[in-house]
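S.K.:
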Amino acid sequence: MAADLIFYTNPMSRGRIVRWMLEEVAAPYETVLLDYATTMKDDAYRAINPMMKVPAIVHLGHVVTEGAAICAYLAEAFPEAGLAPTAEERADYYRWMFFAAGPVESAVVDKAMGVTPSDQQQRMAGYGHFDLVMRVLEEAVGRHDHIAGDRFTAADVYVGSAIHFYGQFGMLPKSARFDAYLARLYARPAFQRAVAIDDALLAPAG
Numbered sequence: 001m002a003a004d005l006i007f008y009t010n011p012m013s014r015g016r017i018v019r020w021m022l023e024e025v026a027a028p029y030e031t032v033l034l035d036y037a038t039t040m041k042d043d044a045y046r047a048i049n050p051m052m053k054v055p056a057i058v059h060l061g062h063v064v065t066e067g068a069a070i071c072a073y074l075a076e077a078f079p080e081a082g083l084a085p086t087a088e089e090r091a092d093y094y095r096w097m098f099f100a101a102g103p104v105e106s107a108v109v110d111k112a113m114g115v116t117p118s119d120q121q122q123r124m125a126g127y128g129h130f131d132l133v134m135r136v137l138e139e140a141v142g143r144h145d146h147i148a149g150d151r152f153t154a155a156d157v158y159v160g161s162a163i164h165f166y167g168q169f170g171m172l173p174k175s176a177r178f179d180a181y182l183a184r185l186y187a188r189p190a191f192q193r194a195v196a197i198d199d200a201l202l203a204p205a206g
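When we follow the UniProt record's numbering, the leftmost residue of the sequence shown carries the number 1, and every step to the right adds one.
#1: Hey, could you find the ends of the alpha helix (DSSP H) Y127 is sitting in?
#2: Which of helix, strand or coil does DSSP assign to Y36?
#3: Expressed to the nearest angstrom, what Euclidean distance is found between the alpha-carbon atoms of G128 and F98?
#4: If we ignore side chains and look at the alpha-carbon of each, how far apart do D43 and V109 end up?
#5: Have a look at V141, P173, Q168 and flag the residue whose alpha-carbon is nearest the alpha-carbon of V159.
#6: Which residue marks the beginning of the alpha helix (DSSP H) containing V157, and which one marks its end?
#7: A27: which of I48, A77, T86, G126 sits nearest, CA to CA?
#8: Note the first and the last residue of the continuous beta strand (DSSP E) segment covering Y29.
#9: Buried or exposed for H146, going by 16 or more other Cβ atoms inside 10 Å?
#10: Hey, how far is the Cα of P11 from the Cα of G126?
#11: Excluding the 5 residues preceding and the 5 following A205 in the sequence, name in chain order all residues of the same chain whose CB lies nearer than 6 Å to its CB.
#12: With burial defined as no fewer than 16 other Cβ atoms inside 10 Å of the residue's Cβ, what is the status of M1: buried or exposed?
Structure follows, in structure tokens:
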């Protein structure tokens, strides 16, 4: 019998974001590991995500893709975990989660690919330019202990994962605010469990 919650991932992917979120939610889930060259392109997985990308989840027969969407969905689907926003937190929760999913990711990826928008192109680019995005992100994580206020929420999973991942590869400027924010997140048992699980999955290939 199929599990109620199935997680499709590869340990060398953005699936690590969702692994962390799933560990925070603490609901039982089944993991399906996919390989970039084979199973991620198979018809069976294309039926779940035609983009042939991970992560994806199937919960009670419903497919959710895109990391930020999965984090927001799981927070609402499992309210007992306390990761969805309160009324007071809601504006910053959605604002910064999708800022990380949109302007931050676009700015970092463009920079990594050597794309620097001209002054004219910056009007078209949703993020303007890289330095502006980084200043705004740094200010956002420095306002409170967590991105939506003083309490950890699913938005911290997504925003924190972005800062963690891009920072590991030297794609973000050095920032004491980023470091302090990440230190609070790294101390979370669910983060530590998630890292251990995915690192163990990498071990055989190492």
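Quick reminder that beta carbons are idealized off the backbone N, C-alpha and C, glycines included.
M.R.: This is what the structure holds:
#1: Here the question's residue 127 lines up with position 127 in the sequence shown. Run containing Y127: none; DSSP gives neither H nor E here.
#2: Position 36 of the sequence shown, counted from the start, is the residue given in the question as residue 36. DSSP places Y36 in coil when its eight states are reduced to three.
#3: For this step, residue 128 is matched to residue 128 along the sequence shown. For this step, residue 98 is matched to residue 98 along the sequence shown. Those two C-alpha atoms are separated by around 16 Å.
#4: The residue given as residue 43 occupies position 43 in the sequence shown. The residue given as residue 109 occupies position 109 in the sequence shown. About 28 Å.
#5: Residue 159 sits at position 159 when you count from the first residue of the sequence shown. Out of V141, P173, Q168, V141 has the C-alpha closest to the C-alpha of V159.
#6: The sequence position of residue 157 within the sequence shown is 157, counting from 1. Per DSSP, V157 belongs to the alpha helix (DSSP H) from 154–168.
#7: In the sequence shown, counting from the first residue as 1, residue 27 sits at position 27. Comparing Cα positions, the closest option is A77.
#8: The residue labelled residue 29 in the question sits at position 29 within the sequence shown. Taken as a continuous stretch (DSSP letters only), Y29 belongs to no beta strand (DSSP E), as it is neither H nor E.
#9: If you number the sequence shown from 1, residue 146 lands on position 146. H146 should be labelled buried.
#10: Your numbering for residue 11 matches position 11 in the sequence shown. Your numbering for residue 126 matches position 126 in the sequence shown. Their backbone Cα atoms lie some 30 Å apart in a straight line.
#11: For this step, residue 205 is matched to residue 205 along the sequence shown. Note on A205: pLDDT 48, under 50, position unreliable in the model; the coordinate value appears next. Answer for A205: no residue qualifies.
#12: Taking the sequence shown and counting its residues from 1, one reaches residue 1 at position 1. Low per-residue confidence applies at M1: pLDDT is 48, beneath 50, and the placement is therefore not dependable enough to give any value.
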